Amino acid sequence: MHWSKTLIPTLRDIPQEAEIPSHQLMLRAGLIRKLSGGLYTFLPLGLRALRRVERIVREEMDRAGAIEVLMPALHPREIWDQSGRYEVLRDVMFRMRDRQDREMVLGPTHEEIVTDLVAHQINSYRQLPKTIYQIQTKFRDEIRPRFGLMRAKEFIMKDAYSFDADWEGVEQSYQAMYNAYTRIFERCGLRVKVVEADTGAMGGSSSHEFMVLADSGEDGLVECTGCAYAANLERAERMPPANESKGDPAPLCEVKTPHRRTVEEVAAFLHVRPEEMIKTLIYLCEEQPVAVLVPGNRELNEHKLARALEGRPIRMADEETVVKTTGAPLGFAGPAGLRIPVYADQELKTLRQHVAGANRADAHVIHLNLARDASVTAFFDLATAREGDMCPRCGASMREKRGIEVGHVFKLGTKYSERFQAQYLDAEGRRQTMIMGCYGIGVTRTLQAIIEQSHDEQGIVWPATVAPYAASLLVLNTEHAESLIVAEQLASALSACGLETLLDDRDERPGVKFKDADLIGLPLRIVVSERSLAEKKVEIKRRQEQAKTLIPVAEAVDYVRRMLS
RNA sequence: CGGGGCGUAGCGCAGACUGGUAGCGCGUUUGGUUCGGGACCAAAAGGUCAAGGGUUCAAAUCCCUUCGCCCCGACCA
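Position in the first sequence (from 1) plus 212 gives the number in my numbering.
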């Protein structure tokens, strides 16, 4: 491709709308342009890179035995009512009516559609297992679109769904996708960390996320320094510290703490450490108040609470409920004397005495012994894990990191197959419900994650596997006829070997071409100039290295092929 | 949805406090000189100053409302 014939609008300045490197570079290198918040046009260079990622995804899905289909992006409302997810996802779905005044939505995901399809088309155990996938645009009315393609209202996703006759089969289907994902991200040149994950709105029994480690990542995770354990913070467990054995606490004692409400205020006022305090949170579980206790220096993890309460709906209590339940204004709740269920973080067993709210205005209690002075319904791991916590598997210290979620695999179970009656007849002629798994890759997000993980001061550094072109061919002086001829010949010779190049034939000064070549970051740069041609040579350089090599023109094609193989 | 920041030429920004002819750099067009790391000279085009309303003799500038974009948060009493 000739630069002058395509559309690669590079930018010298950083657009003020972009915050993180990958977003800045996608705009500066002319890969994408914004239409409005969370909506982007792919320009030729960005589209080519996207297609290469898609191709890797497709090849690996096919290799894993998955079947490609293409489902509609526009869905009638009824199918979402059928699964009961219309209400769950209504705020995230773009909703509209057709001319018959029929309610429609743009699909944020496709469990409903694919399960309906399979329910009608597959009837026998002989047809199972099946994994069906598509690469398609998804629509989500995100609360806050962010960072260019990272979180957009419209994005390309590879979504796959497996249907199995039994749980052993699901295990195999899941593992096949897991392995395919590992290969996909490896081929994309990404270093990913696989973490245990929360299943969230999707439901199901277990799941793993594929995370690209990056400071700009939206997800927090911990990884063990001693073993392979790693988990999303929404999920991450921790081993409680050893119990403190000695000392019976003095009797419970109420002290005045006028206007001190927060942990920090009370701790400073009473000269105790925050971890000696108990943070008491009032929640509504199925609209009934419950108390949740975590150490004063800890954050409650609502995902963990929800799991501990077996998925019953929870939400934080409003001020009125808190006052009614505790008999005190906000900031003075404590476990002693509460007559509602009390769920406590396991770490609170560590200390024999604590400081907590007294359920009375402007007062806290000291020498609180949970076993003696309160009735705890149950202990769970409820606090959010963090740097330095002990690994739940091996007890070693854990590190906290941030990551970009590029892939997610779930074992779904029968949640959807039951609703849509996705059933088959087994060998004995009995009707059985299929067991499902679902597997997603954010293709557009993966593309940006590649740039986030592979760039330098000068611009993008494309891994050869996803680079939009194999090489930049710079004709330094387009007035020099021989340069142009040699460059054209090289371009077609390389093209004949399946290596597409970008020939910079613009009437620009060499500096501009060098800068732009670094910015768009193709793996190789081939410079054709009057100077090197005097020796019948061209200069070849890898993007990520400084070293340049002069190669005779006649050997250039072989040399490039070797460098890229 | 709450908080904060920002909207002035294609991009990056100044001008606003203290109201009075809308500017700078890059880019674009034309001509010339240049040609291995974002050249130089000359000329030119390009703006409803986000939108609407108000104050004023006069508004990019002061006031009000709305919209858009970006960031943080949306749970910790």
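Cβ coordinates follow ideal geometry from the N, Cα and C atoms, glycine included. All figures in this text were calculated on a predicted structure; none of them were measured in a lab.
Secondary structure of residue i, DSSP reduced to three states
i: Phe591; result: strand
i: Asp557; result: strand
i: Tyr628; result: helix
i: Phe799; result: This structure cannot speak to residue 799, because the chain is shown only from 213 to 777.
i: Val678; result: coil
i: Phe726; result: helix
i: Arg473; result: coil
i: Phe481; result: helix
i: Glu290; result: helix
i: Ala448; result: coil
i: Glu751; result: strand
i: Ser684; result: strand
i: Leu702; result: helix
i: Val300; result: helix
i: Met646; result: coil
Among the options, the one whose alpha carbon lies nearest that of residue i
i: Arg754; options: Met646, Val772, Gln387; result: Val772
i: Arg307; options: Gly277, Ser295, Arg352, Arg270; result: Arg352
i: Asp371; options: Gly296, Arg631, Ala278; result: Ala278
i: Lys748; options: Ile697, Arg395, Cys465, Val304; result: Ile697
i: Phe422; options: Tyr390, Met451, Glu323, Asp303; result: Tyr390
i: Phe397; options: Gly652, Tyr555, Leu776; result: Gly652
i: Arg527; options: Val265, Val504, Leu445; result: Val504
i: Val534; options: Thr218, Ile494, Glu514, Val567; result: Ile494
i: His287; options: Leu318, Arg311, Arg264; result: Leu318
i: Thr596; options: Leu301, Ala768, Arg510; result: Arg510
i: Ala639; options: Arg264, Gly249, Leu257, Ser336; result: Ser336
i: Ala661; options: Thr690, Ala448, Lys727, Val265; result: Val265
i: Leu550; options: Ala568, Pro486, Val424, Gly654; result: Ala568
i: Gly249; options: Ile355, Asp303, Ile347; result: Ile355
i: Pro547; options: Asp601, Ala520, Arg524, Met489; result: Met489
i: Val304; options: Arg311, Arg642, Trp292, Thr469; result: Trp292
i: Gly381; options: Gly649, Glu449, Leu580; result: Gly649
Pair within 8 Å by beta-carbon distance, residue i and residue j
i: Lys516; j: Leu637; result: no
i: Arg598; j: Glu617; result: no
i: Ala575; j: Val467; result: yes
i: Arg657; j: Leu361; result: yes
i: Met646; j: Phe375; result: yes
i: Gly607; j: Met451; result: yes
i: Leu219; j: Leu255; result: yes
i: Met273; j: Ala392; result: yes
i: Leu776; j: Ala705; result: no
i: Gln644; j: Ala377; result: yes
i: Ala682; j: Leu702; result: no
i: Arg297; j: Glu324; result: yes
i: Tyr345; j: Glu280; result: yes
i: Leu402; j: Pro680; result: no
i: Ala536; j: Tyr386; result: A small fix is needed here, since residue 536 is Lys in this sequence, not Ala. No, the Cβ-Cβ distance between Lys536 and Tyr386 is not below 8 Å.
i: Gly432; j: Cys603; result: no
i: Phe591; j: Ala540; result: no
Neighbourhood of residue i by C-beta distance below 6 Å, restricted to the same chain and skipping five residues each side
i: Thr538; result: Ala545, Asn571
i: Glu751; result: Val739, Ser744, Lys760, Leu762
i: Glu559; result: Pro452, Pro507
i: Ala480; result: none
i: Gly429; result: Arg614, Gly615, Ile616
i: Gln633; result: Ala331
i: Ile824; result: In the structure as shown, the chain starts at 213 and stops at 777, and residue 824 therefore has no counterpart that could be examined.
i: Glu435; result: Ala442, Arg611
i: Pro357; result: Gly249, Gly250, Arg363, Ala364, Lys365
i: Cys465; result: Ile578, His579
Beta-carbon contacts of residue i that lie in its chain and below 7 Å, excluding the five residues immediately before and after
i: Ala699; result: Leu685, Val687, Leu715, Val740
i: Leu223; result: Leu239, Arg240
i: Trp215; result: Leu714, Leu715, Asp716, Asp717, Arg718
i: Asp410; result: Asn444, Glu446, Arg447, His515
i: Thr321; result: Lys350, Asp371
i: Glu456; result: Thr562, Leu563, Arg564
Residue(s) in a DSSP beta bridge with residue i
i: Ile279; result: Ile344
i: Phe367; result: Lys350
i: Phe254; result: Ile244
i: Gln500; result: Cys497
Sequence-distant residues of the same chain with beta carbon closer than 8 Å to residue i, five excluded per side
i: Glu514; result: Ile526
i: Pro227; result: Gln236, Leu239, Arg240
i: Cys400; result: Val265, Ile268, Thr658, Ile662, Pro675, Thr677, Val678
i: Ile244; result: Met238, Tyr252, Thr253, Phe254, Leu255, Gly258, Gly360, Leu361
i: Ala285; result: Leu318, Gly319, Gln348, Thr349, Lys350, Phe351
i: Leu542; result: Arg473, Glu531, Val534, Val535
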